[in-house]
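Let me begin by presenting the structure, written as structure tokens, before commenting on it.
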Amino acid sequence: MNRSPETLLSSVGLGDRVAFAELYRATAPKLMGIALRILMRRELAEEALQETYVRAWQKASQFDPGLGSAMAWLAAICRNQAIDIRRRQAERIAGASDVLAEDRTDANESDGILELAGSQGALAACLDQLPENRRQLVVRAYLEGLTREELAALYRMPVNTVKTNLRRSLLELRRCLDGPSG
Amino acid sequence: MARPVSPEDREVLAGEYVLGTLDSGERAEAERLRDSDPDFANAIAAWGYRLDPLNASVASATPPEGLFQRIEQRLGETAGSPTPSSPTIIKLERRLRHWRAATLAMTAHAASLIGFILAAPREPIAHRFVAAVQQGDQQPVFVVAVDTAKGIIAVRPVAARAPESGRDYELWAVGGGRPRPQSLGLITIRDANLPVARLESDKAATIADTVFAVSLEPRGGSPTGQPTGPVLWTGKLVPVD
Numbered sequence: 001m002n003r004s005p006e007t008l009l010s011s012v013g014l015g016d017r018v019a020f021a022e023l024y025r026a027t028a029p030k031l032m033g034i035a036l037r038i039l040m041r042r043e044l045a046e047e048a049l050q051e052t053y054v055r056a057w058q059k060a061s062q063f064d065p066g067l068g069s070a071m072a073w074l075a076a077i078c079r080n081q082a083i084d085i086r087r088r089q090a091e092r093i094a095g096a097s098d099v100l101a102e103d104r105t106d107a108n109e110s111d112g113i114l115e116l117a118g119s120q121g122a123l124a125a126c127l128d129q130l131p132e133n134r135r136q137l138v139v140r141a142y143l144e145g146l147t148r149e150e151l152a153a154l155y156r157m158p159v160n161t162v163k164t165n166l167r168r169s170l171l172e173l174r175r176c177l178d179g180p181s182g
Numbered sequence: 183m184a185r186p187v188s189p190e191d192r193e194v195l196a197g198e199y200v201l202g203t204l205d206s207g208e209r210a211e212a213e214r215l216r217d218s219d220p221d222f223a224n225a226i227a228a229w230g231y232r233l234d235p236l237n238a239s240v241a242s243a244t245p246p247e248g249l250f251q252r253i254e255q256r257l258g259e260t261a262g263s264p265t266p267s268s269p270t271i272i273k274l275e276r277r278l279r280h281w282r283a284a285t286l287a288m289t290a291h292a293a294s295l296i297g298f299i300l301a302a303p304r305e306p307i308a309h310r311f312v313a314a315v316q317q318g319d320q321q322p323v324f325v326v327a328v329d330t331a332k333g334i335i336a337v338r339p340v341a342a343r344a345p346e347s348g349r350d351y352e353l354w355a356v357g358g359g360r361p362r363p364q365s366l367g368l369i370t371i372r373d374a375n376l377p378v379a380r381l382e383s384d385k386a387a388t389i390a391d392t393v394f395a396v397s398l399e400p401r402g403g404s405p406t407g408q409p410t411g412p413v414l415w416t417g418k419l420v421p422v423d
């Protein structure tokens, strides 16, 4: 019997460990991919995943299927953990974040564009309405967990410009996705 | 960093928190705000769902061998409780597993009880469900009947004994979109087919995902609004028409 991640997560909220194991099997590969994309090192991604599922176990009863999918709920926890770990890493090695950002320039520039072309739905349509450079900023920040400073180094623009661009992009995205009243 | 003042500032802070572009200090500030302000917490959750479609482009990767075992070990260390406030819910776990096996092969005995409880209504009814509330695959103790058309939840005692002196049985609805167990009130073993609660209309759609649980509580019911005593019996709804 194949149960949806939503059903599984609701059962996990009741303390069901069998459902928890099933949920892990169904969702861990995707979350591993998400964490790896941000952290780039398997041992760090593993740390993020471990933290993610411990939290998912503790907070599963708060999951509301009316707001979104179980996968999105888990992905939000996972990204948060990965971003926290990435920030700690960057602080541990002073200046490492700049190096990381430089490394990324060649490796990921092209697939960032591919991803945009491949994504579908309302978010993709709204991202399409942003100017190219601002769209890149949002997508790469999200997928790679980059700070404003890292984005500034990557796109060779002042940090304040990154900040302004992110602000405008977020407000335009929200307007586009939620409608003018939102 | 200055505390965000305008609604737009707050919206951008929530959005940047989810994007991951804040530095450590700003992240900590956003988390403080999230923990103290439910509206801001909702704004963060909303951005999480808005931007989630971007994850569709990320390729899956094989998690490390043995990671799940390490996670389970961590859960053992944290006392195994899914929610700190409701340690009794863990006891539902085993019964829920029992239930799964039991429901599929529901006994003729339970089926006859269902006929009994639903004999009364005459007019055609859109959605009726019953749950045999029991321990494991033992004989049902209560039968819960739900009529989503009328919005009524009724309970019939079947083989229940009176609770020990100074205690009451309390009925709970768990899951089906409820963030926490919801009390449906106290149940007695004397009143047959007693409608115990109204079903909120917004819960009718997810009623099939609801688990009913009976816990033993101090006289008058749980003092906390959440199950405090042992969960004695559970049951899940099955449709009858």
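Quick note, the sequences are listed as chains V and Y, same order. Quick note: the first sequence uses the working numbering, first residue 1, plus one each step. Quick note: the second sequence uses the working numbering, first residue 183, plus one each step. The beta carbon of each residue, even a glycine, is placed where N, CA and C say it ideally should be.
Could you tell me which chain Y residues have their CB closer than 8 angstroms to the CB of residue i, listed as they occur along the chain?
i: V:L151; result: T203
i: V:D64; result: G359 and P361
i: V:Q50; result: L249, R252, I253 and R256
Would you call the CB atoms of residue i and residue j closer than 8 angstroms?
i: V:A26; j: V:L49; result: no
i: Y:R343; j: Y:I371; result: yes
i: Y:L195; j: Y:A212; result: yes
i: Y:I335; j: Y:V326; result: yes
i: V:P5; j: Y:P245; result: no
i: Y:G207; j: V:G145; result: no
i: V:L44; j: V:I85; result: yes
i: Y:L257; j: V:V54; result: yes
i: Y:A243; j: V:G33; result: yes
i: V:A141; j: V:L151; result: yes
i: Y:P363; j: Y:A395; result: yes
i: V:L137; j: V:V162; result: yes
i: Y:D191; j: V:T147; result: no
i: V:R37; j: Y:V240; result: yes
i: Y:L368; j: Y:D350; result: yes
i: Y:F250; j: V:A21; result: yes
i: Y:I226; j: Y:R214; result: no
i: Y:V420; j: Y:V312; result: yes
i: Y:D234; j: V:G179; result: no
i: V:N165; j: V:R134; result: yes
Among the options, whose alpha-carbon lies nearest the alpha-carbon of residue i?
i: Y:P412; options: Y:G403, Y:V420, Y:P421 and Y:E399; result: Y:E399
i: V:Q129; options: V:V18, V:Y155, V:L171 and V:A141; result: V:L171
i: Y:D391; options: Y:R401, Y:K418 and Y:G407; result: Y:K418
i: Y:V393; options: Y:R256, Y:R360 and Y:F222; result: Y:R360
i: Y:A314; options: Y:R349, Y:S347, Y:L353 and Y:G333; result: Y:L353
i: Y:K332; options: Y:A223, Y:Q251 and Y:R310; result: Y:R310
i: V:P65; options: V:L143, V:Y24 and V:T7; result: V:T7
i: V:L123; options: V:L23, V:M40, V:R41 and V:R175; result: V:R175
i: V:L23; options: Y:S188, Y:E254, Y:R338 and Y:R214; result: Y:E254
i: Y:E346; options: Y:S397, Y:A355 and Y:S218; result: Y:S397
i: V:Q39; options: V:A56, V:R87 and V:L67; result: The residue asked about is misnamed: residue 39 of chain V is Leu in this sequence, not Gln. It is V:R87 whose Cα lies nearest to the Cα of V:L39.
i: Y:V323; options: Y:R214, Y:T416 and Y:P421; result: Y:T416
i: V:A82; options: Y:Y199, Y:D219, Y:E247 and Y:R252; result: Y:Y199
i: Y:G248; options: V:L166, V:R79 and V:E47; result: V:E47
i: V:V139; options: Y:S188, Y:G197, Y:V187 and Y:P189; result: Y:G197
Given that residue i touches chain Y, what residues does it touch there, using C-beta distances under 7 angstroms?
i: V:I83; result: G202
i: V:L53; result: The residue you asked about is not Leu; residue 53 of chain V is Tyr in the sequence shown. By Cβ distance, chain Y contributes I253.
i: V:G179; result: Within chain Y, no residue comes near V:G179; the closest Cβ sits about 13 angstroms away, beyond 7 angstroms.
i: V:T147; result: T203 and D205
For the beta strand (DSSP E) containing residue i, name the first residue and the last one.
i: Y:R310; result: R310 to V315
i: Y:D217; result: Where Y:D217 is concerned, there is no enclosing beta strand (DSSP E), although the alpha helix (DSSP H) it sits in stretches over S206 to S218.
i: Y:A196; result: Here Y:A196 belongs to no beta strand (DSSP E); instead the alpha helix (DSSP H) covers P189 to L201.
i: Y:R338; result: I334 to P339
i: Y:A395; result: T392 to P400
i: V:E132; result: V:E132 -> not in any beta strand (DSSP E); alpha helix (DSSP H) instead, spanning E132 to E144.
i: Y:F324; result: F324 to D329
i: Y:E352; result: R349 to G357
i: Y:G411; result: Where Y:G411 is concerned, there is no enclosing beta strand (DSSP E), given that its DSSP letter is neither H nor E.
At a CB-CB cut-off below 9 angstroms, which residues of chain V make contact with residue i?
i: Y:D404; result: A quick correction: the sequence has Ser, not Asp, at residue 404 of chain Y. Per Cβ cutoff of 9 angstroms: no residues; Y:S404 is ~16 angstroms from chain V at best.
i: Y:E190; result: R167 and L171
i: Y:R209; result: I83, D84 and R87
Starting from residue i, follow the alpha helix (DSSP H) in both directions and report where the run begins and ends.
i: V:L154; result: R148 to Y155
i: V:K163; result: V159 to D178
i: V:L31; result: R17 to L39
i: V:P5; result: P5 to V12
i: V:T52; result: R42 to K59
i: V:G121; result: G121 to D128
Mind pulling the chain V residues with CB within less than 8 angstroms of residue i?
i: Y:T244; result: P29 and M32
i: Y:E193; result: L170, L171 and R174
i: Y:D391; result: T7 and S10
Compare the C-beta of residue i with all C-beta atoms of chain C and state if any pair is closer than 8 angstroms.
i: Y:L366; result: You won't find chain C in this structure, because its protein chains are V and Y.
Starting from the beta carbon of residue i, find every residue of chain V whose beta carbon is closer than 7 angstroms, and list them in chain order.
i: Y:Y231; result: L67, G68 and A72
i: Y:V356; result: L14
So residue i contacts chain Y; which residues on that side make the cut at Cβ distance below 9 angstroms?
i: V:E46; result: P245, P246, L249 and R252
Give a single yes or no on whether residue i has its beta carbon closer than 7 angstroms to a heavy atom of the ligand NAP.
i: V:K163; result: Only the bare structure without any ligand can be found here, which leaves the ligand NAP out of the picture.
Quiz item: Taking one C-beta from the stretch 5-25 of chain V and one from the stretch 52-63 of chain V each time, how about it: are there three or more such pairs within less than 8 angstroms?
Solution: yes
Practice problem: Give a yes or no on contact between the stretch 71-89 of chain V and the stretch 227-247 of chain Y, applying the rule of three or more CB pairs nearer than 8 angstroms. | Solution: yes
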